[in-house]
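Quick note on full-length UniProt numbering: the sequence shown kicks off at 1 and runs consecutively. Down below is the structure, laid out as structure tokens.
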Amino acid sequence: YENNTCVPCEANCASCQDRPDFCASCDHHLVIYENRCYSACPLHTFETEDYSRCPPRSFPNQGGVCWPCHESCETCAGAGQDSCLTCAPAHLHVIDLAVCLQSCPEGYYENYENNTCVPCEANCASCQDRPDFCASCDHHLVIYENRCYSACPLHTFETEDYSCAPCHSSCLTCNGSSESQCITCKPGRFAIDGKCVNSCPDGFYSDKKRQECLPCATGCATCTTNGVCLTCKENWIKNKKGKCISAGSEICDESEYAENGHCHPCHSTCESCTGPTEHDCLSCSASLLLQNSRCVSACDDSYYMEAGVCVRCLHTCTKCVSRMNCTVCARGLQLQSGECRTTCAEGYYSDRGNCAKCYLSCQTCSGPRRDQCVTCPTGWQLASGECHPECPEGFFKGAFGCQKCHHYCRTCNGAGPLACTSCPSHFMLDGGLCMECLGSQYYDPPTQTCKTCHESCRSCSGPGQYSCVTCAFPLHLDRLNNQCVPCCASDAAPDDQTCCHCNKDTGGCINSSPAGKRRIQIGAEQSLSQLGGGAFGFGQTASTFLDPEARGLLNHLTSPQITIAALTVAALLLIICIILIVTVVKKNSYHRYTGIKYNKLSQNYQKTVVRVPVEDSGRALCHDGDDDDDEEEEADGEVTFYRST
């Protein structure tokens, strides 16, 4: 405060007393010594911990003024809620977001030791006690033993709440927890009616390849693993082909069956039979296929043809083309390479009952896109659903994969706003914090650092003395050339180039100041220099060829008033020249046009020349009265007639 006006502190002072250069506090990251601000302590001194740049719960803005932090912050790097460094009482610090909340948000768990919220690992929607102890999973994922997966592992099945529950101990895969809900069996067991048994019951044989119990032929009590009948049921006997037939049928023809001591014909579709209906066939004619004691023209969907017989597909298939080549799976199973599985193999995901390949960088996934990875190959890192050899820009490697940097940072080595290793454009890295330049600095893109303004500037837009935005006391801004200069004294010379005429009321520069003229003069001299260099082949300024009187004339000619008047006159002359050029062009075009018309006209007339005495040339000329179209011309004693042809 001076002369009833507020005077700004000098550059780098956050506050001052009595005079501009007597600092009471300094801008952010500067130290104070003997009431002056420095970037580092001078020789023979050391930095103490008790100096204060700003009071508690405040921070210095880029102009060096202490602004309050958000109400949830104890200390901060900015005014927003997402700029907290430490938290106010009864708040938890979400480090990677730099916010302070009263309870942890979804996807974080509370670390009670240091009152922070720690993010859950990738794919966890919520977690407890530690990042990898998931309580729920992201969409389309299932949870098993507090970990998230794209599909339930072996020996488990997916429940309605997207968790994995264990199968019965006899099942390899299942669709429920009871012993009758097995889909496939563990090695050494065979599937029958949803159960997995150690040995098949009578009337069935064990198919080791299919790992299931298949029924023996009609009338057969026991059979080999190939389905060859060993013994027949009661009242059944083997015929010559080793097939079981009803007792008494041996006396009948092959196309007949015995009943009450009499032979009766088989159904028309059967070649041999055990009864009268179409469901009692033992064999079929060459054009038909045997399917479950019935002769059909084509196998049903759940059967495939093999050696003239319709063989049932695996119990996991609803359609197949061979024993081990399914085309459609039972409900709840996934088709992959002709096999029906409870879950797709690693590197595949379920797409409407079919296993489709994941994006090439994913180990497991929930969809085809590159950002739908669930787990990554060994040595690769998961970041926002993508797998990378290293954590990408904007992420850092944590204990549980790649974690996102704070939004202040371009790259970082940890969570929070103080772990930045590089910054976005127009921000400078200072002690791990990305911050805008101080009021007394400007951002230098090539070096990506903040550099100090010229000593005459309080704030600036670039280097040098002609980039000032505001001025250090007691200088004033001359807006014609963005230069900070003092006010001219009352007796200052008219050509003074180091001061400006000031407004007595505001103290600001008047634009028509000598310093303003200087910029115009410099521009004029540079233009003359370029003109002289082009004309004479050297680059000396034109003013070096002028004597003092001529140089004074040059200074007069480069004044703003003279310059504006000269530009106006030049513009008028240019307009006049354009008008003259257009007029001449039009005139030439007209003469050219009339000449062409004249030549065309002359081609339509016959020229006759009659020589007459010179002395008679002044007499009246005779015209041909026979033709009104005749024309005449006189020249040097000759008369030329043009007769229309």
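Glycine residues also receive a C-beta, built at the ideal position from the N, C-alpha and C atoms.
- A check of alpha carbon separations from D430 across Q448, L573, A415, I510 identifies Q448 as the nearest.
- In the DSSP assignment, the residues bridged to C232 are C220.
- A straight-line Cα-Cα distance of about 23 Å links N146 and D371.
- For secondary structure counted as the beta strand (DSSP E) over 3 or more consecutive residues, the stretch 421 to 499 holds these complete runs in sequence order: 428 to 430, 433 to 435, 441 to 444, 449 to 452, 457 to 460, 468 to 471, 476 to 478, 483 to 485.
- Secondary structure of V7 (DSSP, three-state): coil.
- Annotation for S206: the continuous beta strand (DSSP E) segment containing it runs 204 to 207.
- Of the other Cβ atoms in all chains shown, fewer than 16 fall within 10 Å of the Cβ of P377; this residue is therefore exposed.
- The beta-carbon distance between I237 and C244, rounded to whole angstroms, is 7 Å. This is short enough to meet the 8 Å contact definition.
- For Y304, same chain residues with a beta-carbon under 8 Å away, outside a window of 5 residues either side, are C310, V311, C313, C320, V321, S322, R323 in chain order.
- Each of P89, A135, S177 was checked against the Cα of N114, and the nearest Cα belongs to P89.
- DSSP, reduced to helix, strand and coil, places S322 within a strand of the structure shown.
- Rounded to whole angstroms, the separation of the alpha carbons of L101 and Y33 is 38 Å.
- Judged by DSSP secondary structure, L335 falls within the beta strand (DSSP E) whose first and last residues are 334 to 336.
- In this model, T231 and L282 are separated by some 17 Å (Cα to Cα).
- Spatial neighbours of C9 in its own chain (CB-CB distance under 6 Å, excluding positions within 5 residues in sequence) are listed in chain order as C16, P20.
- The beta carbon of Q128 is closer than 7 Å to those of Y109, A135 in its chain, skipping five residues each way along the sequence.
- Residues of the same chain with a CB within less than 7 Å of the CB of A24, apart from the 5 flanking positions on each side, are S15, C16, Q17 in chain order.
- A distance below 6 Å between beta-carbons, with the five flanking residues on each side excluded, links S163 to the following residues of its chain, in chain order: I143.
- Distance from the CA of R36 to the CA of Q381, rounded to the nearest whole angstrom, comes to 49 Å.
- Restricting attention to alpha helix (DSSP H) runs no shorter than 4 residues, the stretch 81 to 156 encloses none.
- A straight-line Cα-Cα distance of about 32 Å links C344 and P201.
- L333 and T274 have their C-alpha atoms roughly 38 Å apart.
- Straight-line spacing of the CA atoms in R369 and N354 works out to 17 Å.
- No Cβ-Cβ contact shorter than 8 Å links E158 with S126.
- When the alpha-carbon of D301 is set against those of V328, A217, A307, the nearest one is in V328.
- Each residue's CA atom was taken as its position, placing G176 and A217 some 32 Å apart.
- Between the beta-carbon of S103 and that of L92 there is about 7 Å, and that keeps the pair under the 8 Å contact cut.
- R341 has its alpha-carbon roughly 43 Å from the corresponding atom of N413.
- DSSP places V569 within a helical segment (H, G or I) once states are collapsed to three.
- If the five residues before and after A98 are omitted, its C-beta is found closer than 7 Å to the C-beta atoms of D82, S83, C84, H406, G416, P417, all from its own chain and listed in chain order.
- Check the Cα spacing between N111 and each of F395, G401, P131: the tightest is with P131.
- Residue pairing by DSSP puts P166 in a beta bridge opposite T156.
- With a threshold of 16 other beta carbon atoms within 10 Å, N226 falls short and is exposed.
- Distance from the CA of V469 to the CA of P463, rounded to the nearest whole angstrom, comes to 11 Å.
- Between L433 and A77, the CB-CB gap stays under 8 Å.
- Per DSSP, the unbroken beta strand (DSSP E) holding K357 starts and ends at 354 to 357.
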